[in-house]
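**Q** Counting from 25, one number per residue, gives the positions in the sequence shown under the working numbering.
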Amino acid sequence: MKFAFIGTYPPQKCGIGTFTHSLVKSIADNFGYTGLFPNLYVIAVSDFEQNYDFPPEVSFVVEQNNQRDYVSAAKFINYNKADVCILQHEFGIFGGESGVYILSLVRRIEIPLIVTFHTVIGEPSHIQKVIVQELSKKANKVIVMSKKAVKFLLDIYDIPEEKIEVIEHGVPVSKVFHRETAREKFNFSNKTALFTFGLLSRNKGIETVIKALPKVVEKHKDVLYVVLGNTHPKVLSRNGEEYREYLLRLVKEYGLEDYVYFYKNFVPEEILMEYLYAADIYITPYLNEAQITSGTLSYAIGAGTAVISTPYWHAQELLADGRGIIFDFRNHKQLSNILLDLLDNRYKIEKLREAAYEYGHKLKWPKIGARYIKTAETAAEKFSYIQKKKQTILDPYLLPDFTLAHIKRLTDDTGIVQHAKYGIPNLKEGYCLDDNARALLMTSMAYKKSRSADSFNLMPVYLSYIHYMQNEDGTFRNFLSFSRNYLDKIGSEDCFGRAIWAIGYLVNNSPNESYQKSSLDIFNVSLPYFRQLKHIRGIANTILGMSYYLKSFPGDEKMKILISEMAYKIINFYNKEKSDNWNWFENILTYDNAIIPLAVFHAAELCNDDVMLNVAVESTAFLESITMKNGYLKPVGSNGWYPKGGKCAEYAQQSVDVMGMVLLFFKAYKVTKEKKYLDRMFTSHMWFLGENTLNLPIYDFETGGCNDGLEEYGLNRNQGAESILSYLISHLTVLNAFELEYRYEK
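1) Per the DSSP calculation, TRP606 is bridged to which residue(s)?
2) On the three-state DSSP scale, how would you describe GLU726?
3) VAL66 bridges to which residues according to DSSP?
4) Buried or exposed for ILE514, please, with buried defined as at least 16 other CB atoms from any protein chain shown within 10 angstroms of its CB.
5) Would you kindly work out how many angstroms separate the C-alpha atoms of ASN532 and LYS105, rounded to a whole number?
6) Quick one: Cα of ILE307 to Cα of GLU341, how far?
7) Closest to GLU336 by CA distance: which of ASP246, THR399, ALA173, ILE620 is it?
8) Reducing DSSP to helix, strand and coil, say where GLU208 ends up.
9) Out of PRO136, TYR381, SER333, ASN565, state which residue places its alpha-carbon closest to the alpha-carbon of THR402.
10) Whole angstroms are fine: how far does the CA of PRO535 sit from the CA of LYS472?
11) Need the endpoints of the beta strand (DSSP E) that GLN112 sits in, please.
12) When you compare only the Cα positions, how much space is there between TYR299 and THR727?
13) Looking only at its own chain, which residues have a Cβ that is under 7 angstroms from the Cβ of GLY439, when we skip the five neighbours before and after it?
14) Suppose only complete runs of 4+ residues qualify. What are the alpha helix (DSSP H) ranges in the segment 671 to 758, listed by chain order?
15) How many whole angstroms separate the CB atoms of PHE547 and ILE563, which I take to be in contact at a CB cut-off of 8 angstroms?
16) For the alpha helix (DSSP H) holding SER333, just list the boundary residues, first then last.
17) Could you pull out every unbroken alpha helix (DSSP H) segment of at least 4 residues lying fully inside the segment 402 to 476, listed in chain order?
18) Where DSSP assigns a beta bridge to GLU87, which residues make up the other side?
19) Please report the straight-line C-alpha distance between TYR768 and GLY146, rounded to a whole angstrom.
20) Which residue comes first and which comes last in the beta strand (DSSP E) that contains LYS245?
21) Buried or exposed: PHE29, going by 16 or more other Cβ atoms within 10 Å of its Cβ?
22) Can you grab the Cα-Cα spacing for the pair HIS150 / LEU428, in whole Å?
23) Taking one C-beta from the segment 666 to 680 and one from the segment 625 to 642 each time, how about it: are there three or more such pairs within less than 8 angstroms?
24) With distances taken between CB atoms, is the gap from GLN112 to TYR76 smaller than 9 angstroms?
25) Relative to the C-alpha of LEU511, which candidate in SER542, LEU457, ASP478 has its C-alpha closest?
26) Which one or two residues does DSSP pair with TYR285 in a beta bridge?
27) In this structure, what does DSSP give as the bridge partners for VAL168?
28) Which same chain residues, not among the five before or five after GLY744, have their C-beta less than 7 angstroms away from its C-beta?
29) Count the other CB atoms, across all protein chains shown, that sit within 10 Å of the CB of ASP616; report buried if there are 16 or more and exposed otherwise.
30) Can you have a look at GLN152 and say buried or exposed, based on whether 16 or more other CB atoms are within 10 angstroms of its CB?
31) Could you spell out the range, first to last residue, of the beta strand (DSSP E) harbouring TYR510?
32) Whose C-alpha, out of ASN663, THR220, LYS258, is nearest the C-alpha of VAL233?
33) Report yes if the C-beta distance between PHE520 and TYR553 is below 9 angstroms; otherwise report no.
34) Note the first and the last residue of the continuous beta strand (DSSP E) segment covering ALA380.
35) Check ALA217 in the structure and name its three-state DSSP category.
36) If we ignore side chains and look at the alpha-carbon of each, how far apart do ALA302 and ALA217 end up?
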């Protein structure tokens with residue numbers, strides 16, 4: 025078999041790197057490979073601060089924070105046609121928030137994937153939970169190293185049980201050490217050696233051991249506690265050697281200078297195993313239970329060392345049945361008593377060593393490597409790569425259930441508040457016309473579809489807000505404080521247009537005469553202002569409202585003439601800016617771009633105008649070429665936009681842009697009857713559900729809200745009104761498209 029491995033790798037000083045190297049070597053040994061590793065290649069993830077001299081089996085290097093490298097790595101894996109890919113996952117080794125960049129890689133590989141989770145968090149953040157779930161969806165098999173991790177994957181992450189396999193952490197097959205020779209090498213000959221190793225950080229709890237020692241050394245003057253390891257690189261960059269210096273001060277305070285030795289080094293595996301054979305007792309005094317896997321503990325058991333540990337999750341399992349002794353977190357008095365008992369009764373240490381050695385035999389890397397090979401063979405046998413069809417199947421059953429839960433959370437008797445802090449309304453920011461207009465549009469659409477009481481009850485709140493913000497001259501204010509004080513005298517043309525769009529839609533889709541009369545009054549007061557609009561998005565949004573108005577009053581010839589006049593204002597923008605490689609209305613693509621060709625499609629349909637239709641089709645094709653060239657939607661990022669002749673910004677992708685694309689493609693389908701637009705529409709909507717640059721769901725299945733944007737680091741976790749309204753309008757549009765397509769097919 026041909027294997028691809030993804031993870032950190034030596035000479036990078038990292039526990040995951042050591043694990044990856046050991047796994048590669050153990051699989052090579054099982055196949056009888058010597059020297060170079062044929063048919064085994066490594067994609068090494070390198071932190072940006074170092075340039076490592078990787079060994080020959082490293083075929084591709086991914087810089088941790090360079091997202092393009094992850095995409096290139098996927099292409100490399102596919103090109104080299106391995107039979108299986110094995111990924112070592114730990115949140116801290118990949119780029120982006122909680123390592124989200126790895127999703128860009130895994131979604132693109134075309135071979136079976138096995139994911140080993142070195143950490144499974146019991147209380148994950150939203151992004152951590154999403155990453156584990158998305159990796160597990162893609163994986164053919166998920167490997168964890170403890171039963172506790174299995175329980176978490178089942179209960180917290182909803183991973184199917186049949187995907188999960190427990191393969192414990194491997195330990196090296198070391199050369200046979202003569203214990204006394206090893207003890208002499210490390211100056212342990214006349215000592216009782218207590219030992220702890222690993223990267224130092226506050227959660228290691230070394231201070232618990234130091235506080236336990238004074239009582240022990242009163243009776244046993246030969247005790248030496250050796251702490252081997254560098255400070256964790258992230259701790260070092262953030263806090264320097266603060267923790268190590270604290271421990272040194274503690275040693276001095278307790279008068280333990282002759283009994284505690286800090287060896288600041290990262291030693292090779294062989295030396296580490298020699299230390300473990302030489303030591304009398306190995307101690308892991310971690311401060312909390314949230315440690316699902318400990319490689320250091322596995323090494324100690326594999327070496328047949330007597331172990332004392334706090335009851336973190338992995339220790340509870342690995343030290344069961346007499347393989348070690350457990351003491352309570354931070355309980356140095358209890359640890360003192362355990363140490364005194366063992367040192368007073370040395371035969372107990374030997375019993376612990378025997379039990380550990382017997383269990384550790386099955387953890388040796390050749391046995392663990394063989395299990396990985398068997399898992400890989402099964403995954404390869406069952407795997408069948410199905411290339412994505414060019415035509416997306418429009419399937420509403422792929423969508424989550426429609427819910428107004430977050431909308432109701434954001435809405436009070438005044439209107440819908442603009443912003444949220446995570447999923448909680450941020451009342452400090454008050455209300456705006458833009459969002460209340462979108463909310464009226466969405467609830468009108470929802471009521472038309474299902475006649476739900478929730479949408480019906482919310483509609484008058486948003487309609488009342490729009491009415492309250494309308495000035496006597498037909499313009500609108502936009503912003504209102506939470507204390508119901510106006511914050512501006514006249515809003516933008518954008519918010520004017522959005523209000524008219526929502527009002528026009530309600531004119532055409534009123535649940536009763538009262539709603540239609542109220543919406544018509546607002547529409548007619550604003551009508552004289554239509555011709556005064558100068559900005560393209562204000563004009564476009566207003567055209568949308570006018571087009572819905574005309575569906576109720578198709579005989580209003582003056583309105584048709586006005587729509588044509590306003591549509592040609594937009595077309596004049598287009599003719600001015602259009603060039604060979606730029607079929608657009610402005611010299612820059614910014615926000616809410618799709619709303620412009622959407623309005624032209626509406627006008628073309630009402631006016632039966634081929635010039636308008638050609639502009640709508642051409643500009644839609646141009647926008648599609650910019651935002652969908654990778655097979656999924658990547659809207660223009662708002663952290664730089666896309667100036668003519670410049671570079672398109674990738675991030676700060678916004679939900680409102682996606683909503684515009686969904687509406688645009690649906691309208692293009694309705695006008696042209698070309699089914700390719702349905703494919704584009706559904707692909708665009710799937711941006712909300714994870715088919716995007718970072719492969720992260722923007723929609724929050726837990727809250728029923730929608731995250732405020734896709735950033736380079738991951739998700740903007742605030743869930744304001746604009747985002748959830750954009751999602752829900754898109755969701756309803758997809759449902760409408762499905763019904764319309766079904767009617768056409770019939």
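Backbone N, C-alpha and C fix where the C-beta goes; we use that ideal spot for every residue, glycine too.
**A** If we stick to the structure as given:
1) SER603
2) coil
3) PHE29, VAL82
4) exposed
5) In a straight line, the C-alpha of ASN532 is about 57 angstroms away from that of LYS105.
6) GLU341 has its alpha-carbon roughly 16 angstroms from the corresponding atom of ILE307.
7) Checking the sequence, you will find Tyr at residue 336 rather than Glu. It is ALA173.
8) helix
9) Of the listed residues, the one whose Cα sits closest to THR402 is PRO136.
10) If I take the Cα positions, the gap works out to 8 angstroms.
11) 108 to 113
12) 51 angstroms
13) TYR455, ASN460, VAL485, TYR486, TYR489
14) 679 to 696, 700 to 709
15) Incorrect: roughly 16 angstroms between the Cβ atoms, too far for contact.
16) Not the alpha helix (DSSP H): SER333 falls in the beta strand (DSSP E), residues 330 to 333.
17) Runs found: 429 to 434, 457 to 474.
18) SER70
19) Low confidence applies to TYR768: its pLDDT is 48, below 50, so where it sits in the model is not reliable enough to give any reading.
20) Looking at the DSSP string, LYS245 is not in any beta strand (DSSP E), and its letter there is neither H nor E.
21) buried
22) Taking the straight line joining both Cα atoms gives about 20 angstroms.
23) With a cut-off of 8 angstroms, the segment 625 to 642 and the segment 666 to 680 do not count as touching, because too few Cβ pairs lie within range.
24) no
25) Minimum Cα distance to LEU511 is reached at LEU457.
26) Per DSSP, VAL250.
27) VAL190
28) GLN442, HIS443, ALA444, ASP732
29) Classified as buried, ASP616 has 16 or more neighbouring CB atoms from the shown chains inside 10 Å of its CB.
30) buried
31) Annotation: TYR510 is outside any beta strand (DSSP E) and is labelled neither H nor E by DSSP.
32) Of the candidates ASN663, THR220, LYS258, the one whose C-alpha sits nearest the C-alpha of VAL233 is THR220.
33) yes
34) It is not in any beta strand (DSSP E) - ALA380 instead sits in the alpha helix (DSSP H) that spans 370 to 384.
35) strand
36) The straight-line gap separating the alpha-carbon atoms of ALA302 and ALA217 is approximately 8 angstroms.
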